[in-house]
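**Student:** Below is one structure. I have some questions about it.
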Amino acid sequence: MAWRVIDAKGQRWFVHPAAERRPNVRMWQLMLSFRPVGEADEPRTLWASYPMESSSKASLFEAADRLSDDTLREILTQHLS
Numbered sequence: 002m003a004w005r006v007i008d009a010k011g012q013r014w015f016v017h018p019a020a021e022r023r024p025n026v027r028m029w030q031l032m033l034s035f036r037p038v039g040e041a042d043e044p045r046t047l048w049a050s051y052p053m054e055s056s057s058k059a060s061l062f063e064a065a066d067r068l069s070d071d072t073l074r075e076i077l078t079q080h081l082s
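Quick note, the sequence shown lines up with residues 2 to 82 if you use this note's numbering.
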């Protein structure tokens, strides 16, 4: 199940949050996965980092939950251009 579904560039997209921690770094960074709805044959996934970090994955996901659809749409649009 998708975390959220947004419309951008005339298409619907599933948006999923993920937390990434790089080697030798204590903080988790928010990553966002964008996958177009309805592309079952060859689904393409776009990954975008978001400038949000936390020492707790749970608090990172709580903060991600507060991102607006407009913010998510803007991030996706930047990666599509």
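Ideal Cβ placement from N, Cα and C applies to all residues, glycine included.
Between which residues of its own chain and residue 27 is the CB-CB distance below 7 Å, once the five residues before and five after are set aside?
**Tutor:** Within the sequence shown, residue 27 is the residue found at index 26, counting from 1. 56, listed in sequence order.
**Student:** Measure the CB-CB distance between residue 78 and residue 10 and report whether it falls below 8 Å.
**Tutor:** Working through the sequence shown from its first residue, we reach residue 78 at position 77. Working through the sequence shown from its first residue, we reach residue 10 at position 9. Their beta carbons are under 8 Å apart, which means residue 78 touches residue 10 by this criterion.
**Student:** Which whole-angstrom value describes the C-beta separation of residue 17 and residue 29, a residue pair presumed to lie in contact below a C-beta threshold of 8 Å?
**Tutor:** Within the sequence shown, residue 17 is the residue found at index 16, counting from 1. Within the sequence shown, residue 29 is the residue found at index 28, counting from 1. Between residue 29 and residue 17 the Cβ distance is about 15 Å, and since that is not below 8 Å, they are no contact.
**Student:** Just confirm the distance between the C-beta atoms of residue 38 and residue 15, as a whole number of angstroms; I'd bet it's less than 8 Å.
**Tutor:** Here residue 38 corresponds to residue number 37 of the sequence shown, with the count starting at 1. Here residue 15 corresponds to residue number 14 of the sequence shown, with the count starting at 1. Contact flag correct, Cβ pair sits at about 6 Å.
**Student:** Can you give me the C-alpha to C-alpha distance between residue 53 and residue 45, rounded to a whole angstrom?
**Tutor:** Reading the sequence shown from its first residue, position 52 is the one you call residue 53. Reading the sequence shown from its first residue, position 44 is the one you call residue 45. Each residue's Cα considered, the two are about 24 Å apart.
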